[in-house]
Amino acid sequence: MHSQNGGRCGLCGDNFQAPQPRPHEMGGKFGTGTIVASYVSGSVIRVTATLTTNHKGGFTFELCPLAGPGQAETEECFARYPLELATGGTYYTLPNNERGDFAVDLLLPTGVRCSNCVLRWTYVAANTWGNCGDGTSAAGCGPQETFKNCADISIV
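With the first letter of the sequence shown counted as 1, position 101 gets the number 101 in my numbering; the numbers rise by one all the way through.
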């Protein structure tokens, strides 16, 4: 799919070529806007990702506060709200090559409140051999597998 779609996937992990709204995006088959958790603005939240196969690499998280019912998430909205790790930075590097649960503490932005926010997890792997751009090749260089998932939350 990487070469087929120019390295792009849908906002919440669906095939980029699927018609919009894609299945996991707002208005799609699974993008129902059902709130799965509610949090307090400015608080630290724990997010757990379960990896059935560990491809090395790491995670980033973004938030998209929706203005109202039926509003769709956009890449521009996610880009405005990258979430910081409680330990600093915005990129969580997988600490080992094991499969299982990886808990990440995230800092919600102060002042952001929404009855429906979309929380997005992006996992960029680092196990595929590729061109590093400096004349060398190694695992983790070049195009890598990317996985995304979205969850609907509220922030009060």
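Virtual Cβ for every residue (Gly too), placed ideally from N, Cα, C.
- For the pair residue 60 and residue 12, the Cα-to-Cα distance works out to about 13 Å.
- Taking the C-beta atoms as reference points, residue 58 is found nearer than 8 Å to residue 92.
- Exposed is the label assigned to residue 35, since fewer than 16 other Cβ atoms lie within 10 Å of its Cβ.
- Taking 4 residues as the shortest admissible run, the segment 68-150 contains the following complete alpha helix (DSSP H) segments, listed from N- to C-terminal end: 75-80.
- Of the residues assessed, residue 148 falls on the buried side of the cut-off, its CB having 16 or more other CB atoms within 10 angstroms.
- Taking C-beta separations shorter than 6 Å and ignoring five residues to either side along the sequence, the partners of residue 22 in its chain run 10, 14, 28, following chain order.
- With a cutoff of 8 Å on beta-carbon distance, residue 55 and residue 127 are scored as near each other.
- Cβ contact annotation for residue 20 (same chain, cutoff 7 Å, sequence separation greater than five): none.
- For the pair residue 105 and residue 156, the CB atoms are not nearer than the 8 Å cut-off.
- Within a 10 Å sphere around the beta-carbon of residue 102 sit 16 or more other beta-carbons, which makes this residue buried.
- In the DSSP secondary-structure assignment, residue 36 is not bridged to any residue.
- For residue 16, the closest of 75, 137, 52, 114 by C-alpha to C-alpha distance is 75.
- The beta-bridge partner set that DSSP reports for residue 154 consists of 38.
- Checking the DSSP bridge columns, you'll see residue 65 partnered with 117.
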